[in-house]
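Presented below is the structure to which this report refers.
In UniProt numbering, the protein residues as written are 1 to 189.
Rendered as structure tokens:
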């Protein structure tokens, strides 16, 4: 299932869960009912503003659909984020994929010997960011493409590692960096 169909599935799930008719949602969003219907069917990819508006009208969290929408656009976002921001984007992406899968029972998302229902719950709540192997397996189990999540996971990993480094106030000598060899040559100032 392509990115536009995942986005449509998530929006469609929210619409059904809200109990709101397409006509009522279209009226609130100042859109035509046929356009909203095509968006929910995956025949049209709306702008982010429309996705945000529809998600809000249906009582959902627009941020959870952001990664699904970006995958339809080839959109990029800032490469460096805070640990909290990167973790939030990853959690939102997981929740969006969970919505696109029609919020299956957590037991149906478990992976024997690798991912328990308790772990799935903690990931969806944002309390746990699993390692890449587990992340990729969870994404696949929810019907997504692990490659779509890889950059989000790497952004979190990078932000986490970068937050752990203490940078000396006088600077960092290149000779103390991993892989540096002071006897290999090079000039000193």
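All C-beta atoms, glycine included, are put in the ideal place defined by N, C-alpha and C. Note that the coordinates shown come from a computational prediction; the quantities given were computed from them, not determined experimentally.
Assignment of residue 45 by DSSP, reduced to helix, strand and coil, places it in the coil class.
Judged by beta-carbon spacing, residue 60 lies beyond the 9 Å limit of residue 12, meaning their Cβ atoms are not closer than that value. Inclusion of residue 101 and residue 160 in the CB contact set at 9 Å is not warranted, their separation being larger than that value. Of all C-beta pairs linking the segment 82-97 to the segment 126-134, three or more are shorter than 8 Å, placing the two stretches in contact. Beta-carbon to beta-carbon, residue 14 and residue 99 are separated by about 7 Å, close enough to satisfy the 8 Å threshold. Between residue 22 and residue 37 a beta carbon distance of about 5 Å is seen, short of the 8 Å cut, so the two are scored as contacting. Scanning 46, 165 and 157 for the CA closest to the CA of residue 81 turns up 157.
Under DSSP, residue 83 shares a beta bridge with no residue. Contact between residue 45 and residue 4 holds, since their C-beta atoms are separated by about 5 Å, short of 8 Å. C-alpha of residue 73 to C-alpha of residue 48: approximately 10 Å in a straight line. For residue 113, there is no enclosing alpha helix (DSSP H), as DSSP gives it neither H nor E.
The residues 63 and 126, in chain order, have a CB closer than 8 Å to that of residue 88 in the same chain once the five nearest residues on each side in sequence are set aside. Assignment of residue 102 by DSSP, reduced to helix, strand and coil, places it in the coil class.
DSSP places residue 20 outside both helix and strand once states are collapsed to three, so it counts as coil.
When 83, 40 and 28 are compared, the shortest CA-CA separation from residue 165 is found for 83. In the DSSP assignment, residue 156 falls within the unbroken alpha helix (DSSP H) covering 146-163.
Taking 9 Å as the cut-off, the Cβ atoms of residue 55 and residue 40 do not count as close.
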